[in-house]
Amino acid sequence: MNSVLIPVSLALPVVFALLVAFMPAERARGTALVGMLLSAVPVLGLLFLFDYSRAAEFQFAASVEWAPQLGLSLSVGIDSVALLLIALTALLGPVCVLGSWTAITDRPRLFYSWLLVMQTAMIGVFAARDLVFFYMCFEFTLLPMFVLIGVFGSTNRKIASIKFFLYTFTGSLIALAGLVYVAWSASGHYGRWTLDIGELAAAARLMSPTEQGLVLAAMLAGFAVKVPLFPLHTWLPLAHTEAPTAGSVILAGVLLKLGTYGIYRFVLGFVPMAMVEHAPFLAVLAIIGIIYAGLICWVQTDVKKLVAYSSVSHLGFCVLGLLAVNTTGLSGSVMYMLSHGLSTGALFLMIGFMYERYHTRDMGQVQGLASKMPVWSSFMVFFVLASVGLPGLNGFVSEFLCLIGAFQSSSELVAAGHPGATAGALGPWYAAVAGVGMVVAAMYLLIMVGKVVWGELVEPAGHDDAHTGLPVDLSAREIAALLPLAAGCLIFGLFPQPLLGAIEAPVNVAVRSIEFEPVDVPHTTEHAEADLQVGEVAP
Amino acid sequence: MTGDVILTFAADAPVGVAPWWVMLIPALPMLGVILCTLMAIAGVRSKLPAWVTVGCLGASFVVAVAMLLNHGEGAAVAKAWDWFHISWGDAQGQQFNAIFGFYIDRLTILWMLFVTGLATLIGLYASEYMSHDVGPGYCRFFVAFNLFVFSMACLVMGANMLMLYLGWEGVGLCSYLLIGYYYKKPSAVAAGKKAFIVNRIGDLGLALGVYLTFVHFGTIEYAELFASDKLAGYLEHASHGDFSHIPLAAQVIPMLLMVGAFGKSAQLPLYVWLPDAMEGPTPVSALIHAATMVTAGVFLIARTYPVFQVSEYALPTVAWIGGLTAFFSATIGMAQFDIKRIMAYSTVSQLGYMFAGLGVLTSVGAAAHVFTHAFFKALLFLCCGAVMHGFAGQLDLRKLSGLWRMKGWGIVSITMLVGCLNLAGFPVITSGFWSKDMIMAEAFVRPGMGPVGWLLLITAGLTAYYTFRVFFRVFVGPQEYHPGDELHDDGHGAEHFHPHAPGWAINSVLVILAVLSFVAIPLVALNHGGWVGEMIHGSTAHYEAHAEAGHHGSVWLAGFNPHAVMYYISAVVGIAGILVAYALHLRGRTSAGEAPAAEAFKNALGPVQRWAEHKWYVDELYDFLFRKPLWVLSQIFRYVDMLLVDGLVNTAGWIPSALGGRLRRGQNGVLQSYAASMAGGLALFVVVVLILASRSG
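From first to last, the protein sequence lines are chains X and A. Quick note on this note's numbering: the first sequence kicks off at 425 and runs consecutively. Quick note on this note's numbering: the second sequence kicks off at 65 and runs consecutively.
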């Protein structure tokens with residue numbers, strides 16, 4: 425019975441998308457909200473029925489045979505990492521509808537249908553257990569986002585949507601080539617065709633180091649564009665700036681995580697040794713991204729672009745955690761995927777609410793809203809603090825773990841007998857330089873708050889509250905969209921342990937599957953990390 | 065450091081379980097946060113938030129007293145929940161643990177007593193001081209006020225370095241929110257921002273210190289860290305002056321931690337945020353930026369004192385930074401005219417004494433000075449606040465004179481005098497004298513620390529001078545006042561201005577604090593360190609140099625023991641400073657603005673005086689060295705990103721369309737063509753699979 429849950433979670437949004445498409449236009453948003461909420465019900469079921477004591481195993485497995493002789497099937501199943509990302513997706517769905525409630529007046533059926541379809545595609549990416557289904561969903565996410573930006577975006581929407589599509593599509597095709605190569609190589613190993621991700625992961629490790637390096641490069645072409653990793657990030661600020669609020673929320677909240685999830689599941693899962701080998705280089709890119717994008721944020725005048733670039737900076741930490749390939753780093757990275765979805769998603773909502781009232785995102789034209797919109801301002805300050813990594817809120821948990829993960833991840837430190845070090849190719853300097861990003865983040869985010877929230881009230885010329893049809897401060901509907909995210913940020917920050925405990929098992933399986941060079945450790949008790957664990961296979 | 069010093073610390077006793085109710089100390093202020101938030105939402109327009117705050121914080125203080133009475137020897141831990149628990153193996157260091165819990169020893173208790181006590185009193189003061197803002201602003205103020213005490217409790221009571229970090233950034237946040245309380249004032253917003261960002265630089269050092277502690281010791285829980293054999297082994301080496309057997313990593317940890325301490329406690333080179341922080345309401349300046357938060361750096365070093373002792377250079381560095389900061393900021397304080405700024409620089413300077421105290425190994429002296437300073441500096445700020453409140457924001461000492469004889473200002477004047485005497489280190493009858501003395505004497509005892517001692521001694525004279533410069537200008541002399549620009553809209557302008565003297569809440573708090581500054585004398589003075597010394601001896605900050613040889617080895621000035629003669633020397637220096645202030649600023653002064661002797665003195669100093677008044681142009685220097693280049697770099701990045709990085713992408717994207725010669729069609733056409741190409745991609749995938757399958761099959 426449980427095996428129905430994932431297919432139902434996938435099907436419900438599509439059913440409602442069709443329903444919305446044939447509704448009268450004025451009922452579209454209501455139907456969409458109901459659809460999003462009902463679609464969240466099976467996801468709640470997943471959350472409650474998931475057996476957390478076997479969190480590393482893929483549960484709720486379901487499979488449809490397609491062409492067995494070719495190894496083609498559509499199969500799904502989730503471990504706790506996928507589960508939590510699906511939960512995040514389901515949470516952001518209704519929030520997006522609430523955030524678009526008054527903003528989308530033209531062609532609402534098109535908008536909400538695609539928004540619902542998007543849910544299916546994203547959940548599909550996280551739930552997929554075979555390559556075809558994964559890639560179908562991965563690519564399919566482009567289409568709804570293309571429509572959301574291209575039809576419902578602002579001035580430069582066409583260029584933004586085309587660039588978004590082409591850039592990520594090209595990357596994905598190269599990633600596809602890498603994945604196909606793995607499948608081909610695996611077929612030689614197994615003597616039959618298989619596209620099962622678990623089987624492919626086991627076989628991929630048997631490839632030669634050169635092959636692994638090439639597969640790594642191909643996969644990263646797809647996933648690093650999505651993340652986005654410096655210097656492949658330039659589509660993001662444009663897409664974010666032009667996208668409607670819901671598009672930005674989905675883009676920052678979930679779509680970027682498809683990239684980091686891809687790295688986690690496929691790069692780390694398939695070719696971990698190549699990843700460890702190239703980790704220093706990739707980490708340098710991530711760190712450049714953290715500081716470079718952070719400094720660009722500092723000189724932005726467009727508040728939405730600022731938050732968009734901040735995503736580039738933030739996701740650098742997430743990638744750094746992945747490259748640390750230890751339990752803290754990977755846990756931090758997975759936490760980062762979740763927490764960034766909450767706080768940056770919320771920031772885009774906040775900016776959307778401001779934009780709906782003032783029709784500008786220029787920080788020179790809208791300032792000092794604290795005296796006019798105290799509720800909006802309180803939420804804004806709260807989410808900025810979450811984003812800045814204030815302890816007690818979500819951003820801190822993930823950022824801290826990513827950084828300490830990078831700090832520990834040094835085989836040299838292990839060899840030097842530091843008990844808290846783990847095998848890996850990074851080390852203290854990586855964390856120290858990336859940590860400068862903490863200071864830069866405080867700079868640009870507080871300067872942004874200093875302009876938009878504090879100071880004397882400045883409004884665009886000719887602004888009239890009555891014209892927007894919205895209350896001066898946030899409406900109950902808008903607060904309802906923000907409250908779950910705010911609660912998430914707080915609970916996540918104070919009680920991260922349930923989440924950390926849930927993802928510990930799959931993360932540890934991933935870490936133990938990496939075959940590090942044995943390290944001479946002074947004390948025999950500290951060998952666990954260096955021992956080869958051939959039997960255990962990563963997701 | 066010589067080899068005849070034996071170090072011990074008192075965490076050898078097993079760590080017990082603290083009673084659950086110690087958690088009320090942070091929980092009650094958190095309750096205050098919640099209640100005040102609810103009142104803000106409900107739109108309460110009375111002084112209710114203040115009374116709730118005073119109630120919560122007072123109750124928290126009572127619990128702290130109960131904790132003092134209940135606590136025996138050693139340390140105890142109270143755990144609320146597992147905050148972080150990540151494990152990848154069974155060995156030591158293969159779990160990253162941080163409980164949300166509290167570590168109670170005497171150092172904790174000492175700190176929490178004055179934090180909660182002062183917070184209660186200053187909350188009471190603020191109930192009156194902030195009364196012009198009753199409404200949403202009043203609620204907002206007390207939300208942040210309560211949150212500050214909660215954060216401070218986490219910082220001080222936290223059971224591990226991560227809890228400390230939580231509190232550390234939490235107090236930084238409250239500081240940010242409260243400095244920027246008058247959020248329409250650009251200078252206040254800028255000051256809040258500056259405080260947070262400069263502190264973040266320190267926080268980075270602290271964070272890296274925490275990481276390295278974990279990597280090297282395998283734990284960040286205090287209870288485990290202080291009990292670790294590794295640390296004990298290092299201390300054993302260090303006690304023999306043998307640092308070559310202590311790994312570099314262990315010696316770097318305190319270097320990183322102290323960066324955090326310098327940021328939070330406003331030491332060189334990260335002190336620049338604190339004077340600007342005076343933009344906040346005065347109760348905030350008194351509580352956060354004078355008495356409690358800025359001593360967090362001192363607490364950090366005291367808490368991790370054993371870790372600092374295993375580094376050859378850490379504590380000497382702390383001593384030098386402290387001594388230099390004390391002297392440097394005193395020179396700025398001497399040349400300022402804004403009395404609140406003068407007090408701010410004096411805070412930086414006094415914090416320098418505390419760091420120097422830690423650096424020269426008198427943790428007792430440092431803690432004693434934190435303790436006495438908390439009372440008299442809060443008192444001084446609250447007196448300045450009362451003046452500011454009464455004279456429409458006037459803080460310029462050239463615009464006020466002779467408050468002593470004005471009606472209703474007697475209590476403020478007398479308590480101000482008490483505060484000034486303490487700060488100036490007036491001999492015997494002030495607690496500030498005794499605590500400062502311990503630090504200066506010890507500086508001359510420590511080998512190699514003599515120059516720091518001289519710096520501190522000279523600074524003591526300067527301190528006495530600038531403190532009484534304020535008192536002699538503002539509180540005595542001819543009566544005169546000019547109101548500031550924060551006139552209330554009550555119909556009459558500056559010409560009809562009447563200063564309004566403080567009411568019962570402000571006056572009673574001032575009196576209590578003045579009394580407490582005397583009560584503190586026996587607590588720090590009796591039996592070398594007194595009660596405060598006992599509290600420190602029962603904690604991780606305990607340090608004892610058993611060997612007397614160290615004293616004889618560093619004879620200072622013709623064979624006198626510094627501990628014996630320092631009382632007399634510092635007494636003379638202090639009184640001399642007061643007399644110079646009298647000669648320059650009171651004798652012959654005929655009006656508030658005119659002090660002929662001081663003018664003559666100023667002219668004699670030439671440009672030096674002007675440089676000091678402009679704070680030695682440090683802000684301008686930092687702007688030139690860091691902010692401007694970084695801003696230029698950011699602009700370059702911005703254009704590089706637009707033109708180069710994105711330009712390459714656009715060029716790459718242009719090539720295929722140029723080759724294909726296809727023109728863009730309309731919106732739908734584009735959509736369809738991409739949908740088609742995506743389907744094509746999938747098809748390609750399937751085709752490739754099929755071909756490969758047929759070949760292998």
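In this text, a Cβ means the ideal position worked out from N, Cα and C, and glycines have one as well.
Would residue i pass as an interface residue toward chain X - the criterion being a Cβ-Cβ separation below 8 Å?
| i | result |
| --- | --- |
| Pro250 (chain A) | yes |
| Ile317 (chain A) | no |
| Arg56 (chain A) | This structure does not reach residue 56 (chain A), given that chain A is present from 65 up to 761, and the question cannot be answered. |
| Ser618 (chain A) | Here Ser618 (chain A) scores only 49 on pLDDT, less than 50, and its place in the model is too uncertain to base an answer on. |
| Asp705 (chain A) | yes |
| Ala635 (chain A) | no |
| Asp710 (chain A) | yes |
| Trp84 (chain A) | no |
| Gln699 (chain A) | yes |
| Glu612 (chain A) | Interpretation of Glu612 (chain A) is limited by its pLDDT of 39, a score under 50 that renders its predicted location unreliable; the figure taken from the coordinates is listed afterwards. No, because no Cβ of chain X sits closer than 8 Å to the Cβ of Glu612 (chain A). |
Any C-beta of chain A sitting closer than 8 Å to the C-beta of residue i?
| i | result |
| --- | --- |
| Thr565 (chain X) | no |
| Pro466 (chain X) | no |
| Asn932 (chain X) | yes |
| Gly844 (chain X) | yes |
| Met867 (chain X) | yes |
| Tyr760 (chain X) | no |
| Ile720 (chain X) | yes |
My output table needs one value for residue i: the three-state DSSP class, helix, strand or coil.
| i | result |
| --- | --- |
| Asp257 (chain A) | Looking at the sequence shown, residue 257 (chain A) is not Asp but Lys. Lys257 (chain A) falls in the helix class under three-state DSSP. |
| Ser802 (chain X) | helix |
| Trp608 (chain X) | helix |
| Ile385 (chain A) | helix |
| Ile522 (chain A) | helix |
| Val540 (chain A) | coil |
| Asp726 (chain X) | strand |
| Lys404 (chain A) | helix |
| His149 (chain A) | strand |
| Val573 (chain A) | helix |
| Tyr167 (chain A) | strand |
| Thr368 (chain A) | coil |
| Lys143 (chain A) | strand |
Exposed or buried, what is residue i when buried is set at 16 or more other beta-carbons lying within 10 Å of its beta-carbon?
| i | result |
| --- | --- |
| His711 (chain A) | Here residue 711 (chain A) is Gly; the residue named in the question, His, does not match the sequence. Under this definition Gly711 (chain A) is an exposed residue. |
| Glu450 (chain X) | exposed |
| His353 (chain A) | buried |
| Gln493 (chain X) | exposed |
| Phe446 (chain X) | exposed |
| Leu909 (chain X) | buried |
| His433 (chain A) | buried |
Does any heavy atom of the ligand NAD sit closer than 7 Å to the C-beta of residue i?
| i | result |
| --- | --- |
| Ala565 (chain A) | Annotation note on the ligand NAD: not contained in the displayed structure, which lists no ligands. |
> In chain order, what residues of the stretch 481-503 of chain X put their CB closer than 7 Å to some CB of chain A?
Replying inline: Hits within the stretch, in order: Leu494.
>> Taking beta-carbon pairs under 9 Å, can you tell me which members of the stretch 149-162 of chain A lie near chain X?
In response: Listed by position along the chain: His149, Ile150, Ser151, Trp152, Gly153, Asp154, Ala155, Gln156, Gly157, Gln158, Phe160.
>> What are the residues in the stretch 135-147 of chain A lying within 9 Å of chain X by C-beta distance?
In response: So the list reads Trp145, Asp146, Trp147, given in the order they occur along the chain.
> What beta strand (DSSP E) runs, 3 residues minimum, are completely inside the stretch 513-557 of chain X?
Replying inline: DSSP assignment within the stretch 513-557 of chain X yields no whole beta strand (DSSP E) run of 3 residues or more.
> Residue ranges of each beta strand (DSSP E) run of no fewer than 3 residues wholly in the stretch 665-726 of chain A, ordered along the chain?
Replying inline: Qualifying beta strand (DSSP E) stretches: none in this window.
> Which residues, in chain order, does the stretch 739-756 of chain X contribute to contact with chain A at a C-beta distance below 8 Å?
Replying inline: Within the stretch 739-756 of chain X, the qualifying residues are Asn750, Thr751, Thr752, Ser755.
>> At 4 residues or longer, what runs of the alpha helix (DSSP H) sit wholly inside the stretch 433-512 of chain X?
In response: Within the stretch 433-512 of chain X, the complete alpha helix (DSSP H) segments at least 4 residues long are 452-473, listed from N- to C-terminus.
> Got a sec: which bits of the stretch 909-925 of chain X sit with their beta carbon under 8 Å from any beta carbon on chain A, in order along the chain?
Replying inline: Cβ contacts with chain A come from Leu918, Phe919, Pro920, Gln921, Leu924, Gly925.
> Which of the residues in the stretch 643-662 of chain X, read from start to end, lie with their CB under 7 Å from any CB of chain A?
Replying inline: Within the stretch 643-662 of chain X, the qualifying residues are Pro655, Thr658.
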